[in-house]
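Encoded as structure tokens, the structure appears first; notes follow it.
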Ligand SMILES: [Zn+2]
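As structure tokens, then:
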């Protein structure tokens, strides 16, 4: 800054004010980034980060690559929720351990202010049942099938609700959030057309899955899941079940076995050997396989792998 003679002290004052203003802006930016949103899964983390445009810090309880069914909350998770301005969950029993964590946080902010966003309430659910969630190993498929994020079209409603909730937490960042949500939605719509086109030639293809994770995915891409390897969520198949399943797969000309990385490979391999169907390892969440680094990549990878396997099995 050039200063005229005699104005040096004024220049110094202006400079000092400028420095203070910049420092203040930095503090405000830092404070924004420290507004914490806690989500239960890596998929929700990816969507929340995409639609919040850096306006908040997002932490997931289940880490990428971990099995949400086997999640065991730790004391550090209670502290995270206590600090959160917003908690976002899948619901339907998939992340039922969150209820216990919320109880342990007592009078914490998200609980006190009702800032818990259950995204399942806005989704057209599949396999809706009247039975209540029972005590069991593994996650529930009690009220309905909880794997609704595996239909990418459902991310339209999910991302809109997350953006709305994040906007309530940091209203001064509304423009940033709105712009980020539009970007995400535009990208999603464009890529969804590509995914539908890639799997288009395989409409009606008969497939089986180890776990019942894929009804939403199958409905979107018009695939026909003819059977499941697990007799019940979290229950391993018996040899008798596998033998009869191999027969049913041959009868229905099933061409692919959808397999998640943390599931036991033996039963899927056994069925592939006896039926000629391909084992396709798909990511059921962000981080399940290394290439799936965000929510949209989840479908880039899964659609590509499945289309290749179905083409080879023809
Ligand atoms: Zn499940």
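Numbering (the working numbering), first residue to last: 1 to 314. Just so you know, even glycine gets a beta-carbon here, dropped at the ideal spot from N, CA and C. Predicted model, so just to flag it, every value in this text is computed and none were measured.
Proximity below 9 Å, CB of residue i to CB of residue j
i	j	result
residue 281	residue 264	no
residue 68	residue 285	yes
residue 219	residue 151	yes
residue 47	residue 159	yes
residue 271	residue 229	yes
residue 252	residue 206	yes
residue 187	residue 98	no
In DSSP terms, what residue i is bridged to
i	result
residue 302	Partner(s): none; residue 302 has no beta bridge.
residue 170	Answer is none; residue 170 lacks a bridge partner.
residue 118	89
residue 225	207
residue 278	256
residue 232	235
Proximity test, residue i beta-carbon vs ligand 2 heavy atom, cut-off 8 Å
i	result
residue 295	As for ligand 2, it is missing from this structure, which binds only ligand 1.
Continuous alpha helix (DSSP H) stretch holding residue i: start and end
i	result
residue 77	75-83
residue 47	42-52
residue 248	239-252
residue 289	Unbroken run through residue 289: none, as it is neither H nor E.
residue 98	97-104
For residue i, the nearest candidate out of the options (CA to CA)
i	options	result
residue 170	305, 36, 314	36
residue 65	271, 98, 74, 288	288
residue 294	49, 173, 189	49
residue 258	125, 223, 240	223
residue 45	209, 175, 149	149
residue 86	112, 95, 71	112
residue 267	241, 202, 297	241
residue 190	79, 153, 42, 273	153
residue 92	57, 40, 110, 59	40
Residue i - containing beta strand (DSSP E), residue span
i	result
residue 150	Element bounds for residue 150: n/a, residue is neither H nor E.
residue 256	256-259
residue 59	57-60
| field | Meets three-Cβ-pair contact criterion under 8 Å: the stretch 113-127 and the stretch 182-191 | value | no
| request: Would you check if the stretch 197-205 and the stretch 305-314 touch, i.e. whether three or more CB-CB distances between them fall below 8 Å? | output: yes
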